[in-house]
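Protein chains: 2
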Amino acid sequence: MPEPELMEQVVNLCKRRGFVFPSAEIYGGFRSTYDYGPLGILMLRNVKEAWWRAMVQCRDDVVGLDAAILSAPRIWEASGHLANFTDPLVDCRKCNERFREDQLEDPTTCPNCAAKDSFTEARQFNLMFKTFVGPVEDDANVAYLRPETAQGMFVNFANVLNTSRKKPPFGIAQMGKSFRNEITPGNFVFRTREFEQMEMEFFVPPAEGAQWFEYWCDARMRWYTDLGMPADKLRLRHHDAEELSHYSAGTADVEFMYPWGWGELEGIANRTDFDLKAHAAASGEKLEYFDQASGERYVPYVIEPAAGATRTMMAFLIAAYTEDEVGGEARTVLRLHHRLAPFKAAVLPLSKKDTLTPTAREVLSLLQPHWMVDYDETQSIGRRYRRQDEIGTPFCITVDFETLEDRAVTIRDRDSLDQVRVPIDALVDELRTRLSG
Amino acid sequence: MPEPELMEQVVNLCKRRGFVFPSAEIYGGFRSTYDYGPLGILMLRNVKEAWWRAMVQCRDDVVGLDAAILSAPRIWEASGHLANFTDPLVDCRKCNERFREDQLEDPTTCPNCAAKDSFTEARQFNLMFKTFVGPVEDDANVAYLRPETAQGMFVNFANVLNTSRKKPPFGIAQMGKSFRNEITPGNFVFRTREFEQMEMEFFVPPAEGAQWFEYWCDARMRWYTDLGMPADKLRLRHHDAEELSHYSAGTADVEFMYPWGWGELEGIANRTDFDLKAHAAASGEKLEYFDQASGERYVPYVIEPAAGATRTMMAFLIAAYTEDEVGGEARTVLRLHHRLAPFKAAVLPLSKKDTLTPTAREVLSLLQPHWMVDYDETQSIGRRYRRQDEIGTPFCITVDFETLEDRAVTIRDRDSLDQVRVPIDALVDELRTRLSG
Chain X
13 MPEPELMEQV
23 VNLCKRRGFV
33 FPSAEIYGGF
43 RSTYDYGPLG
53 ILMLRNVKEA
63 WWRAMVQCRD
73 DVVGLDAAIL
83 SAPRIWEASG
93 HLANFTDPLV
103 DCRKCNERFR
113 EDQLEDPTTC
123 PNCAAKDSFT
133 EARQFNLMFK
143 TFVGPVEDDA
153 NVAYLRPETA
163 QGMFVNFANV
173 LNTSRKKPPF
183 GIAQMGKSFR
193 NEITPGNFVF
203 RTREFEQMEM
213 EFFVPPAEGA
223 QWFEYWCDAR
233 MRWYTDLGMP
243 ADKLRLRHHD
253 AEELSHYSAG
263 TADVEFMYPW
273 GWGELEGIAN
283 RTDFDLKAHA
293 AASGEKLEYF
303 DQASGERYVP
313 YVIEPAAGAT
323 RTMMAFLIAA
333 YTEDEVGGEA
343 RTVLRLHHRL
353 APFKAAVLPL
363 SKKDTLTPTA
373 REVLSLLQPH
383 WMVDYDETQS
393 IGRRYRRQDE
403 IGTPFCITVD
413 FETLEDRAVT
423 IRDRDSLDQV
433 RVPIDALVDE
443 LRTRLSG
Chain R
13 MPEPELMEQV
23 VNLCKRRGFV
33 FPSAEIYGGF
43 RSTYDYGPLG
53 ILMLRNVKEA
63 WWRAMVQCRD
73 DVVGLDAAIL
83 SAPRIWEASG
93 HLANFTDPLV
103 DCRKCNERFR
113 EDQLEDPTTC
123 PNCAAKDSFT
133 EARQFNLMFK
143 TFVGPVEDDA
153 NVAYLRPETA
163 QGMFVNFANV
173 LNTSRKKPPF
183 GIAQMGKSFR
193 NEITPGNFVF
203 RTREFEQMEM
213 EFFVPPAEGA
223 QWFEYWCDAR
233 MRWYTDLGMP
243 ADKLRLRHHD
253 AEELSHYSAG
263 TADVEFMYPW
273 GWGELEGIAN
283 RTDFDLKAHA
293 AASGEKLEYF
303 DQASGERYVP
313 YVIEPAAGAT
323 RTMMAFLIAA
333 YTEDEVGGEA
343 RTVLRLHHRL
353 APFKAAVLPL
363 SKKDTLTPTA
373 REVLSLLQPH
383 WMVDYDETQS
393 IGRRYRRQDE
403 IGTPFCITVD
413 FETLEDRAVT
423 IRDRDSLDQV
433 RVPIDALVDE
443 LRTRLSG
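Residue numbers (the numbering used here), protein chains in the order written: chain X, 13 to 449; chain R, 13 to 449.
Structural data, given as structure tokens:
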């Protein structure tokens with residue numbers, strides 16, 4: 013499918029089936045923010061769950077954290093965000109529109125009113141959202157919405173070290189909303205002012221920085237492919253020296269082939285000891301590790317794999333979107349990994365006849381304690397298969413009239429289209445096996 | 013234990029074991045915000061998961077949603093929050109301190125500087141946090157941090173109805189952060205400016221409002237007791253006529269006996285058709301349901317069970333906190349329901365001898381794909397049991413020298429202290445059985 017058309021189909025599917033809605037749509041939308049609908053929240057939860065499982069649950073060297081969004085100016089002063097997290101903006105003196113100077117195609121002409129040489133000098137515009145805490149709006153009461161979750165992990169480094177009995181190499185992981193006052197949000201949920209991050213700060217002895225950076229580059233690439241992302245849609249791009257952030261001794265981006273070209277899914281950076289030292293200097297607290305075995309005291313280096321949950325979800329949707337034919341009939345199918353699919357199964361009574369409903373609902377109740385399961389009894393069975401294919405449901409469980417005799421149901425596989433008959437009593441185990449891994 | 017002491021012990025445990033830290037603590041804390049540490053995030057996730065499971069996963073009449081935090085002024089204008097979500101504030105003309113008029117003990121005397129009759133007239137202070145989206149800070153660019161998740165469900169009512177094939181009675185559920193610029197936050201994480209809600213809007217035919225209100229009052233009380241909350245720490249308090257919000261035809265609070273007295277855990281309200289009508293009028297969109305069977309068109313009533321995730325977590329911690337004796341030795345134990353416990357199990361090699369480590373780590377790897385499992389090999393086994401008891405881990409799995417012979421481990425139950433020997437091959441099934449329900 014041509015790429016622009018693919019993007020259109022995915023956006024259309026997102027709206028039509030309830031993955032993503034423009035925020036405040038009944039009021040005409042609101043400034044490039046999005047709401048995640050009934051299917052979107054299920055898939056977003058699955059993306060986050062898969063990350064948490066790989067990064068925290070299945071390891072014993074990473075712990076979790078959930079820091080506040082409203083945060084102290086001193087954090088952002090120490091991190092450098094107050095001074096440096098900026099875009100250069102110019103105003104047109106004629107029409108008063110404002111633009112990012114680095115995105116002007118012709119720096120002498122206003123793209124809005126076509127005035128010549130009408131731009132002011134560029135001013136640095138900070139991308140952090142500012143608000144006031146308490147009843148007085150003055151400098152003493154400023155708070156910022158965090159522009160990244162990372163700093164919450166750095167300022168809690170000593171707290172985690174003291175309470176969790178971990179020692180380097182170990183990590184702190186966090187998922188949550190971050191906010192950046194982007195001048196040019198766009199590409200659907202790729203760049204939005206409110207977005208959800210999945211970040212992990214992995215603290216290591218300084219001498220091991222390079223090897224752990226490699227380790228996490230490999231591990232993170234594998235996470236995407238293990239979840240079914242085709243390897244040819246994915247690449248690891250190392251930043252060259254000019255592109256590196258001032259704090260970084262090495263950065264690589266995991267990039268996805270979006271319909272508009274390669275774009276970032278995740279950044280993996282060797283942040284060195286920059287952050288811990290900056291917060292130690294600003295706070296006067298010691299942010300270091302004392303290794304009792306060697307008698308050595310050091311400030312750990314930090315390797316940070318930082319991914320975007322919402323754009324990751326979009327990438328998986330794009331990669332999974334397929335149109336094929338079944339029995340001569342066109343169908344849309346989301347070939348999502350079962351871990352990411354909104355519903356793991358759908359229970360479909362063959363006909364809406366009341367005779368099948370009690371058994372179908374019994375099967376539903378049997379599965380619900382274990383998984384998100386859909387239930388659909390309207391229209392033809394073929395139509396209902398299509399509906400489930402389109403939202404990526406791996407297994408359809410059909411209850412038919414024979415079920416009333418043999419207490420067995422049919423499991424239909426979304427991808428192979430194979431159908432097998434399974435006793436209701438064996439259904440949970442059968443699905444557990446198919447949904448493991 | 014005397015109540016003030018109980019609260020002190022719980023707060024102390026939260027800090028000492030990594031449940032809750034004051035935000036930006038290395039900078040002296042920040043305005044009554046809190047960060048959830050390695051154990052706190054696990055327990056908070058479990059509270060939210062238990063809510064989601066009961067409210068969405070195990071039902072087929074409720075779907076999820078995740079709306080943006082940054083939100084349009086028009087939403088809050090229509091909902092009434094811009095006009096009415098306020099506290100009355102007075103300034104002392106002498107010292108310039110600001111107070112909530114309704115909390116002054118002596119309305120003629122400044123509690124800060126003791127000046128007499130120094131207060132200004134009360135002004136209404138809006139509790140919503142305000143920020144600006146885009147590069148210009150003017151009225152056209154105002155956004156508010158949502159003070160509740162509820163409105164996100166109302167403005168998406170039509171989107172959900174059109175995409176999800178649900179019809180009344182059905183609900184939309186959402187968990188997420190909300191923000192209120194409280195003048196007097198306090199009682200640890202009971203009242204904080206940033207907090208996490210678990211809200212569900214259940215849309216019903218107007219005539220069924222009263223019966224569904226009763227249904228949800230019962231269901232929500234049962235949710236807490238099913239998760240082990242003692243019934244005598246819990247009560248349902250119906251608001252009397254004067255206390256009711258202007259939009260409500262009935263409200264009841266689920267209250268918990270906090271160490272400082274009865275306080276709200278959750279509010280259940282019959283919000284009538286107030287919200288949908290308000291947004292329909294303000295947006296010009298139809299927010300109603302057309303029942304094809306009866307040919308009837310109506311604006312549904314809404315029953316809303318709205319709980320606070322963070323204060324619910326605190327209530328479960330307080331209720332679970334126990335000090336008892338085991339073998340003549342004092343221990344602290346969190347008698348948490350297994351669904352809420354941060355770790356479901358801990359793997360403990362009897363000694364740190366290298367001979368046991370490979371098998372202990374094999375057992376750990378066997379369990380990690382299924383549950384959050386701790387691993388601890390430092391200090392005596394008794395000490396390690398105490399550590400796990402204190403954080404509520406239901407099961408300790410001990411790997412000893414016999415394990416190397418018989419490939420079996422010992423499961424110790426936190427509450428009964430029973431120990432049983434189980435083959436490693438049967439361990440996952442054994443734990444699955446114990447952790448079901």
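All residues carry an ideal CB built from backbone N, CA and C; glycine is no exception.
Bear in mind the structure is a predicted one, so any value in this text is a computation, not a measurement.
Leu352 of chain R and Thr405 of chain R have their C-alpha atoms roughly 10 angstroms apart. Three or more Cβ pairs closer than 8 angstroms define a contact, and the stretch 253-266 of chain R meets that threshold against the stretch 277-295 of chain R.
Here the stretch 24-40 of chain R makes contact with the stretch 75-88 of chain X; the two share three or more CB pairs at distances below 8 angstroms. In the three-state DSSP reduction, Tyr259 of chain R falls in the coil class, being neither helix nor strand.
Every unbroken stretch of the beta strand (DSSP E) spanning 3 or more residues and falling wholly within the stretch 211-272 of chain R is given here in chain order: 246-250 and 263-270.
Contact between Thr371 of chain R and Leu416 of chain R holds, since their C-beta atoms are separated by about 6 angstroms, short of 8 angstroms. Look at the stretch 367-384 of chain X: the residues with a C-beta under 7 angstroms from a C-beta of chain R are Leu376, Gln380, Pro381 and Met384.
The CB of Arg28 of chain X comes closer than 8 angstroms to the CB of Thr175 in chain R, given here in chain order. Residue pairing by DSSP places Ser306 of chain X opposite no residue, since no beta bridge is assigned to it. Close to chain X, meaning a Cβ-Cβ distance shorter than 7 angstroms, are the following residues of the stretch 90-102 of chain R: Leu101. Distance between Ala294 of chain R and Phe141 of chain R, taken at the CA atoms: about 22 angstroms.
Annotation for Lys60 of chain R: the continuous alpha helix (DSSP H) segment containing it runs Pro50 to Trp64. None of the residues of the stretch 329-342 of chain X has a beta carbon lying less than 8 angstroms from any beta carbon of chain R. Residues of chain R whose Cβ lies closer than 7 angstroms to the Cβ of Gly76 of chain X are, in chain order, Pro50, Ile53 and Leu54. Taking CB atoms only, Tyr301 of chain R has no neighbour in chain X less than 7 angstroms away.
Between the stretch 341-356 of chain R and the stretch 390-410 of chain R there are three or more C-beta pairs closer than 8 angstroms, enough to call the two in contact.
Between Glu206 of chain X and chain R, the shortest Cβ-Cβ separation is below 7 angstroms.
Here Pro312 of chain R is not near Met19 of chain R, since their CB atoms are 7 angstroms or more apart. Annotation for Thr175 of chain X: the continuous alpha helix (DSSP H) segment containing it runs Phe169 to Ser176. Under the Cβ distance rule, Cys70 of chain R counts among the residues neighbouring chain X, one pair being separated by less than 7 angstroms.
Excluding residues up to 5 positions away in sequence, Ile87 and His291 lie with their Cβ nearer than 7 angstroms to the Cβ of Val167 of chain R in the same chain. Gly146, Pro147, Val148, Ala155 and Leu157: these are the residues of the stretch 146-162 of chain X whose beta carbon lies less than 8 angstroms from some beta carbon of chain R, given in chain order. DSSP places Glu414 of chain R outside any alpha helix (DSSP H), giving it a letter other than H or E. Here DSSP, grouped into helix, strand and coil, assigns Arg426 of chain X to coil. Contact between Gly30 of chain X and Val172 of chain R holds, with the beta-carbon distance rounding to 7 angstroms and staying under 8 angstroms. With a 10 Å radius around the Cβ and a threshold of 16 neighbouring Cβ atoms, Pro381 of chain X comes out exposed. Within chain X, Pro147 and Val148 have C-beta atoms less than 7 angstroms from the C-beta of Arg110 of chain R, given in sequence order. Contact with chain X is found for Asn171 of chain R, since one of that chain's Cβ atoms lies less than 7 angstroms from the residue's Cβ. Only those residues of the stretch 267-293 of chain R whose C-beta falls short of 7 angstroms from the nearest C-beta of chain X are listed: His291. Using a CB distance cut-off of 7 angstroms, Asn199 of chain X does not count as an interface residue toward chain R. For the set R:Phe42, R:Glu276, R:Gly164 and R:Leu439, the Cα lying nearest the Cα of His250 of chain R is the one of R:Glu276. Assigned with DSSP and collapsed to three states, Asp72 of chain X falls in coil, not helix or strand.
Met140 of chain X carries a coil assignment under DSSP once its states are collapsed to helix, strand and coil.
Taking 7 angstroms as the Cβ-Cβ cut-off, the stretch 16-47 of chain R approaches chain X at Arg28, Arg29, Gly30, Phe33, Ser35, Ala36, Glu37, Ile38, Tyr39, Phe42, Arg43, Thr45, Tyr46 and Asp47, given in chain order. DSSP places Leu288 of chain X inside the alpha helix (DSSP H), whose first and last residues are Phe286 to Ser295.
Taking the Cα of Val375 of chain R as reference, the smallest distance to any Cα among R:Asp412, R:Ser428 and R:Glu133 is reached at R:Asp412.
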